[in-house]
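Engineer:
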Amino acid sequence: MRRQLVCAVALLGSLVLGAGTATAAGDPRWEETGTAYTDTLGGGQGLASRADGSLLYRGLADIPLSLRIKGWNHIGDPDIAQGHTFDAYQGPDTATSKMFAVTTPAGQRYEYVHRLSPGEKLNNSFATVSPDGQWMVSGEWGDQNRLQVFPTPLLNPATPPAGGDLKEAWQITLDKPVRDIQGCDFVSDTRLVCASNDATGALFPEIRPLLQVDLPRKLDGQPITGAVRALFALPQRSLCTGTFETEGVDYDARSGTLRAEVIQPGVCAVSTSVFSYRQVTD
Numbered sequence: 002m003r004r005q006l007v008c009a010v011a012l013l014g015s016l017v018l019g020a021g022t023a024t025a026a027g028d029p030r031w032e033e034t035g036t037a038y039t040d041t042l043g044g045g046q047g048l049a050s051r052a053d054g055s056l057l058y059r060g061l062a063d064i065p066l067s068l069r070i071k072g073w074n075h076i077g078d079p080d081i082a083q084g085h086t087f088d089a090y091q092g093p094d095t096a097t098s099k100m101f102a103v104t105t106p107a108g109q110r111y112e113y114v115h116r117l118s119p120g121e122k123l124n125n126s127f128a129t130v131s132p133d134g135q136w137m138v139s140g141e142w143g144d145q146n147r148l149q150v151f152p153t154p155l156l157n158p159a160t161p162p163a164g165g166d167l168k169e170a171w172q173i174t175l176d177k178p179v180r181d182i183q184g185c186d187f188v189s190d191t192r193l194v195c196a197s198n199d200a201t202g203a204l205f206p207e208i209r210p211l212l213q214v215d216l217p218r219k220l221d222g223q224p225i226t227g228a229v230r231a232l233f234a235l236p237q238r239s240l241c242t243g244t245f246e247t248e249g250v251d252y253d254a255r256s257g258t259l260r261a262e263v264i265q266p267g268v269c270a271v272s273t274s275v276f277s278y279r280q281v282t283d
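All you need for the numbering used here is the position in the sequence shown, starting with 1, plus 1.
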């Protein structure tokens with residue numbers, strides 16, 4: 002019954018038209034190319050593209066029982082790098098740590114636990130790995146002026162080979178504050194795109210914007226400052242009324258496809274819209 006409702010919501014949602022293209026001054030513009038739908042419970046937290054072009058989705062239903070028993074009750078937007086899957090986990094409001102789970106191409110899972118530093122929020126909204134595989138970027142909820150950077154578990158030799166403690170290496174300082182980042186992904190060595198659930202219009206004029214973070218150089222283990230700007234507002238289309246929620250984002254470098262998730266409001270929340278974009282030059 003839930004699957005039938007998802008399909009019905011998707012069909013009706015596809016009939017509702019909204020904003021079509023995305024622009025960024027000085028860059029090729031992002032043009033919307035299509036909309037797909039996924040079951041929110043099984044895919045509404047995030048997505049990542051595999052080497053064969055297929056998509057890995059993550060939702061609350063994907064948390065293994067063994068991790069739930071340990072208190073990891075939330076999964077964020079994942080990433081895939083060199084065949085390894087990186088998942089971001091967080092625990093209850095009383096948590097003093099967050100966890101990154103890495104699943105190898107052979108299916109072996111290793112858990113890397115990061116103890117919260119003073120002032121660090123417990124949220125673990127996403128994990129994204131730099132194109133060279135050496136650095137993993139994550140982020141917290143609320144108003145932030147930074148992204149956190151860790152050596153990539155397993156792929157960076159500075160990390161334990163089979164799970165264990167994970168220390169923050171350094172940070173990306175942002176030149177403008179951001180709010181409620183749900184996911185980020187690398188578009189290049191020096192550029193990330195991030196999906197924000199900020200609906201206030203206070204930090205950027207766009208509602209629930211897709212943000213771009215430009216770095217002066219590729220990540221190298223040293224502190225760095227990123228320049229933030231809003232690209233466009235993510236679509237909010239549904240026959241249901243209420244509050245939408247931005248979720249994960251993914252860039253498939255092989256196809257040049259950018260995807261971003263938005264959970265529909267009200268009873269339509271069983272369905273998550275997945276919007277696709279490609280860069281075009283006028």
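Virtual Cβ for every residue (Gly too), placed ideally from N, Cα, C.
For the region 119-139 and the region 80-94, state whether three or more C-beta atom pairs, one from each stretch, are separated by less than 8 Å.
Structural biologist: yes
Engineer: How should N146 be labelled, buried or exposed, when 16 other C-beta atoms within 10 angstroms of its C-beta is the threshold for buried?
Structural biologist: N146 is classed as exposed because its beta carbon has fewer than 16 other beta carbons within 10 Å across all chains shown.
Engineer: Pull up the distance between the alpha-carbon of G243 and that of G267, whole angstroms please.
Structural biologist: Rounded to whole angstroms, G243 to G267 spans 6 Å at the Cα level.
Engineer: Under three-state DSSP, which class holds A234?
Structural biologist: strand
Engineer: Within a Cβ cutoff of 8 Å, which residues of the same chain sit near H115, ignoring the five residues on either side of it in sequence?
Structural biologist: S98, K99, M100, F101, F151, D166, L167, K168 and E169
Engineer: Can you tell me where the alpha helix (DSSP H) with G267 in it begins and where it stops?
Structural biologist: Careful: G267 lies outside any alpha helix (DSSP H) and carries neither H nor E.
Engineer: In the DSSP assignment, what are the bridge partners of P210?
Structural biologist: When DSSP reads this structure, P210 sits in a beta bridge with A234.
Engineer: Would DSSP call T24 helix, strand or coil?
Structural biologist: Below a pLDDT of 50, predicted positions are generally treated as unreliable, and T24, at 48, falls in that range; the measurement from the model is reported next regardless. Of the three classes helix, strand and coil, the one that applies to T24 here is coil, per DSSP.
Engineer: Using three-state DSSP, classify G287 as helix, strand or coil.
Structural biologist: In the structure as shown, the chain starts at 2 and stops at 283, and residue 287 therefore has no counterpart that could be examined.
Engineer: Starting from the Cα of Q83, find the closest Cα among T129, A203, V214 and L42 and give me that residue.
Structural biologist: T129
Engineer: Leaving out the 5 sequence neighbours to the left and right, which residues in its chain are closer than 8 Å to V179 when beta-carbon positions are compared?
Structural biologist: D144, Q145, N146, C195, S197, D199, L204, L212 and V229
Engineer: What distance in whole Å lies between the Cβ atoms of G184 and E246, which are believed to be in contact at a cut-off of 8 Å?
Structural biologist: A Cβ-Cβ distance of about 12 Å is found for the pair E246 and G184, leaving them out of contact under the 8 Å criterion.
Engineer: Rounded to whole angstroms, what's the CA-CA distance from Q135 to N157? Just pull it up for me.
Structural biologist: 5 Å
Engineer: Determine the closest residue to L61 out of D78, R51 and S55, with distance taken between C-alpha atoms.
Structural biologist: Closest option to L61, Cα to Cα, is D78.
Engineer: The alpha helix (DSSP H) that contains L42, what's its start and end?
Structural biologist: T41 to G44
Engineer: Got a sec, what are the start and stop residues for the beta strand (DSSP E) R51 sits in?
Structural biologist: No beta strand (DSSP E) contains R51, which DSSP labels as neither H nor E.
Engineer: Using the three-state DSSP reduction, which class does A203 fall into: helix, strand or coil?
Structural biologist: Note: A203 maps to coil in three-state DSSP.
Engineer: To which residues of the same chain is V188 closer than 7 Å at the C-beta, ignoring the five residues directly before and after it?
Structural biologist: So the list reads V194 and Y252, once near-sequence residues are dropped.
Engineer: Can you tell me which of the three DSSP states D63 falls into?
Structural biologist: helix
Engineer: Hey, how far is the Cα of W31 from the Cα of P93?
Structural biologist: 37 Å
Engineer: Under the DSSP definition of a beta bridge, which residues are partnered with R249?
Structural biologist: A small correction: the amino acid at residue 249 is Gly; Arg does not occupy that position in the sequence shown. Answer by DSSP bridge pairing: none, since G249 is not bridged.
Engineer: From L220 to P236, what distance separates their C-alpha atoms?
Structural biologist: 31 Å
Engineer: Would you mind sorting R69 into buried or exposed? The rule is 16 or more other CB atoms within 10 Å of its CB.
Structural biologist: The residue in question, R69, is exposed, as its Cβ has fewer than 16 Cβ neighbours within 10 Å.
Engineer: Rounded to whole angstroms, what's the CA-CA distance from I182 to S139? Just pull it up for me.
Structural biologist: 10 Å
Engineer: How big is the Cα-Cα spacing for P106 and I81?
Structural biologist: 10 Å
Engineer: Based on DSSP bridge pairs, tell me the residues matched to W136.
Structural biologist: Partner residues in the beta bridge of W136, as assigned by DSSP, are P152.
Engineer: Give me the Cβ distance between Y111 and L155, rounded to the nearest whole Å; I'm assuming they're in contact under 8 Å.
Structural biologist: A Cβ-Cβ separation of about 7 Å places Y111 in contact with L155 under the 8 Å criterion.
Engineer: Let me check understanding here. Comparing Cα to Cα, which of S118, D215, E33 and V281 lies closest to W171?
Structural biologist: S118
Engineer: In three-state DSSP terms, what is S285?
Structural biologist: As shown, the chain starts at 2 and ends at 283. That puts residue 285 outside it, with no answer to give.
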